[in-house]
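Same order as they appear, the protein sequences are chains W and D.
With the first letter of the first sequence counted as 1, position 204 gets the number 204 in our numbering; the numbers rise by one all the way through.
Just so we're on the same page, our numbering is the position in the second sequence counted from 1, plus 1000.
Don't be surprised by glycine CBs; every beta carbon is placed ideally from N, CA and C.
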Amino acid sequence: MRGAGIVLTQELRDLWLDGRALALSLAFSLLLSVIAYLVASNRALNFLEQRETVNLTLQVAVAIGALLALLTAADAVSGERERRTLESLLLTPVSRLALVTGKLLGALSLWLAAFAITVAYVWFLGRGVGIAGDALASGIVVGTLLAVFLTSFGILLSIFSPSNRVSLSLSLFLLLALFAPTQLPSGATSGWAGDLLLRVNPLTAGEHYIGRIVVNGRAWNEDLVWLASPAAAAAVFAALALAIGAHYVRLGGGGSE
Amino acid sequence: MTAAVEANGVGKRYGSLVALEDLSFTAEQGEILGVLGPNGAGKTTAIRILTTILEPTHGTFTVAGVPHTRPAEIRRRTGVLPESAGYPERQTAEEYLRYHARLFGQSRESARTTAAALLDQVGLGDRTKSLIGTHSRGMRQRLGIARALVNHPQVVVLDEPTLGLDPAGQQQMLAIIRRLTAESGATVLLCTHLLAEVEETCTRVLILSRGRVVAQGTIAEVARRAAAPRTATIRIAAEDGERAEAALSPLKVEAAGATLRVFLDGADSNEPLRLLVAARIDVHAYELEAARLSDAFLAMTEAP
C-alpha cells in the first residue's frame, strides 16, 4: 500500500498546510471553549455535577470531531471530481483502493486533531475527581469508532454523489438523523423500542457508553455491549468504502463512467 | 516493430447510445497522430478508453505493447493531458509534479529531480515555487504537459492541448510538443479541433464522425480519399473578364476583377485552360490548389 501512503501524505499536506483543517480545528476549539465555559458555570451554580460537565463536554467533542471527519471525507472524491483533478489521479498506476484508503485516513486526521484539543478541556474540567483518564480513554475509543464509521460513510457518499453539494448535504442530513434520538424526551426512550433505538444508533450507543463510564463510574468492560453498534458500523462501513471504492471511483458521479 | 497503439474494433455504448463504434487504427512508434472530429464524434471517449479511464464495451487494444486487460501497466507507460484538466490551486507547480512522479512509483529524490527537469523543459523553471492558482491558462497547460511526461511515457495523449490559448500560446505549445516528442521518441496522439495545428504537427490523421472512424492516413491520403473539391485560380487581362466567365460557364466560377476562382468539382485540372484557349483568351497565371485537410474534414464529417 505504498500508493496509499503517498496519497495520505499529500492529503495531510493539503488539509493541514492549506489551512482548511486548521480553520476547522480552530472553530472546534472555540466551540469547545464555549461549551466548557457554560458547563463550568453551571457546575459553579450547582446545576451540574463535575462528572456531568466532563461527560457533556466529551460527548460534544466526540460528536463534533466525528462530524469534521465526515465533512472532510464527503469532499474527498466528489471534490476532486468537481475541481477536475480526479482524472489525473485516475491516470496514475495507483489503485483506486490505495486512493480511497489514503483519503479516508487523511479525513480521520481531523478527528485525531479534535481529540488532541479535547484532552486539555477534559483534563481541566475533570481535575480533582480522577475521571479524566477514564473519560479520555472512552472518548478516544468511541470517537475513533464513530469517526471511522462516519468517514467511511462520507467517502461512499462522495464516490456516488454527482456533486460536492449533494455529498455534503447528505452527510449533514445523516448526522442530524443520528443525533435526533438524543433530543427525544426521556419517556420516548424508556420502553424496549426506545432502548433498541439507543443501542442500534451508533452515535447514541457510543455516547451512552461514555456516560456510563464518566457519570456512573462503571469499569470499561462492564458495558461493552454499548460499543457493539459503533464497532459494527465502523467495521461494515469501512469494509464497504474500501470494497466499493476499489471498483467505483470513476470520473462521473453516481458510479457511472 | 510493435505498434505503439493498436485498436481493434473498440466500441463504447451507454445503453442504446453508441458513443464509439469499431475504432480500429494503429499508431507507430515516434509518430504524431492527429485525432480529429466534430463535437460528439467520440474523440474524448476514444481517448478515455485508450488511457483506461473508461472500459470498452467491445473490442481490444494495446498501448506500448500492453493489452487493455492490464490497465495499471498501460497507465505506467502512458502520459495524458486530459481535456480541460483541473489543477490544485494551492499546490506549487513543483509540488504537483513531485506528487504525480511519486504516484508513478518514483523515489522522493527521483521525483524532485524529474519535477525540476520537466519544469525547465516546459519553460516554468522560474515558477517552481509559485502556487498554481496564480498561473495563467497557458502556464497551466504547460504544467499539464509536464505532468503527462512525468513517467517518461512511451505514448503521450494530448486532448485539446491548445484549448483556450491565444495564437502565440498555441504556437508555443505546439513547439513544446514537437520538441519534447522529438527528444523522447514517444508516440503522440493529438486530439484537437484545430486543423491547421494538425497539418503543421502531425504525421498522420484519424478522423472520427458519429463514433466511427471515417478516414485515416497521411494528410495527403485523407484529402485525396475524401475527394475534397479542388480549385484553380486563374489570372487574365481585366478586359477579358466577361468573355472568360462565359467560356468557363460549364464550371462554377467566382470572379474578382482579373482573378477567377474555378471549382473543378471532379473535372480534369486542365479543363479550365482548354476552355480559355478555345475562347482565345490569354492566361497570365494558373494555380492549382491541392485539396486541403479542412475540405476533407468537412466532406467527411458533414451531416448527410
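- request: Check each candidate in D/GLN1154, D/GLU1083, D/SER1136 and name the one with the smallest Cα separation from W/SER88.
  value: D/GLU1083
Review point. Going by the beta-carbon positions, is the gap between D/VAL1283 and D/LEU1276 smaller than 9 angstroms?
Key: A Cβ-Cβ contact shorter than 9 angstroms links D/VAL1283 with D/LEU1276.
Take the Cβ of D/SER1136 as the centre, count every other Cβ of all protein chains shown within 10 Å, and call the residue buried at 16 or more, exposed below. exposed
Is the distance from the Cβ of W/THR57 to the Cβ of W/LEU24 below 9 angstroms? No, they are not a contact pair.
Rounded to whole angstroms, what's the CA-CA distance from D/LEU1180 to W/ARG81? Just pull it up for me. 29 angstroms
Exercise. Taking 9 angstroms as the CB-CB cut-off, is D/TYR1087 touching chain W?
Worked result: yes
Reference D/GLY1133; option with closest CA among D/VAL1018, D/ALA1186, D/GLY1086 | Of the candidates D/VAL1018, D/ALA1186, D/GLY1086, the one whose C-alpha sits nearest the C-alpha of D/GLY1133 is D/GLY1086.
Short Cβ contact (9 angstroms threshold) for D/VAL1010 with D/LEU1050: yes
Mark W/TYR209 as exposed unless 16 or more other C-beta atoms lie within 10 angstroms of its C-beta, in which case mark it buried. So W/TYR209 ends up on the buried side.
- prompt: Counting contacts by CB-CB distance shorter than 9 angstroms, is W/THR101 in contact with chain D?
  reply: no
Next item on the list: Output the residue ranges of the alpha helix (DSSP H) runs that lie fully inside the segment 1050-1093 of chain D and measure 4 residues or longer, sorted by chain position.
Entry: 1071-1077
(Q) Within 8 angstroms, do at least three Cβ pairs link the segment 1007-1024 of chain D to the segment 112-125 of chain W? (A) no
What residue ranges within the segment 128-165 of chain W form continuous alpha helix (DSSP H) runs of no fewer than 4 residues, ordered along the chain? 132-160, all fully within the segment 128-165 of chain W.
Mind checking whether D/VAL1157 and D/ALA1064 have CB atoms under 9 angstroms apart?
-> no
**Request:** In the DSSP assignment, find the alpha helix (DSSP H) that holds D/ASP1295 and state where it starts and stops.
**Result:** 1293-1301
**Study point:** Outcome for W/TRP111 when other beta-carbon atoms lying within 10 angstroms are tallied against a minimum of 16
**Key:** buried
Q. Which residues, in order along the segment 1054-1081 of chain D, keep a beta-carbon less than 8 angstroms from a beta-carbon of chain W?
A. LEU1054, GLU1055, ALA1072, GLU1073, ARG1075, ARG1076, THR1078, VAL1080
Is D/THR1181 near the ligand ADP - that is, is its Cβ less than 8 angstroms away from at least one heavy atom of it?
The ligand ADP is absent from the structure shown, which contains no ligands of any kind.
When you check each C-beta in the segment 1098-1113 of chain D against every C-beta of chain W, which residues fall closer than 9 angstroms? Answer set for the segment 1098-1113 of chain D: TYR1099, HIS1100, ARG1102, LEU1103, PHE1104, GLY1105.
Query raised in the report: Under 9 angstroms between C-beta atoms, does D/ARG1235 make it to chain W?
Result: no
**Asked** What is the C-beta distance between W/GLY128 and W/LEU15, in whole angstroms, given that I count them as a contact (C-beta under 8 angstroms)?
**Response** Contact flag wrong, Cβ pair sits at about 37 angstroms.
### Query
On the three-state DSSP scale, how would you describe W/ILE35?
helix
Residues near W/ARG20 by beta carbon distance below 6 angstroms, same chain, minus five either side: none
message = Is the separation between the beta-carbon of W/ARG2 and that of W/VAL215 shorter than 9 angstroms?
response = no
key: Chain-ordered chain D contacts of W/ARG84 [CB-CB under 7 angstroms]   = SER1084, ALA1085, GLY1086
Inset, instruction - Check distances from the C-beta atoms of the segment 1133-1154 of chain D to those of chain A and list, in chain order, the residues that come in under 7 angstroms. - result: The structure shown contains no chain A; its protein chains are W and D.
query: To the nearest angstrom, how far is it from the Cα of D/VAL1222 to the Cα of W/SER167?
result: 48 angstroms
| query | Taking the alpha helix (DSSP H) that W/GLN10 falls in, what are its first and last residues? | reply | 2-17
- Alpha carbon of W/ILE155 to alpha carbon of D/LEU1298, nearest angstrom: 46 angstroms
### One or two residues paired with D/ASP1159 in a DSSP bridge
D/CYS1191
Give the straight-line distance between the Cα atoms of D/ASP1166 and D/ALA1175, rounded to the nearest whole angstrom. 14 angstroms
Does the beta carbon of W/GLN50 sit closer than 9 angstroms to a beta carbon anywhere in chain D? no
Compare the C-beta of D/THR1128 against all C-beta atoms of chain W and say whether one is closer than 9 angstroms. False, the Cβ-Cβ gap to chain W never drops below 9 angstroms.
What number of angstroms, rounded off, separates the C-alpha of D/PRO1272 from the C-alpha of D/ALA1279?
11 angstroms
My output table needs one value for D/THR1203: the three-state DSSP class, helix, strand or coil. coil
Separation of D/ILE1219 from D/GLU1199, as counted between CA atoms: 7 angstroms
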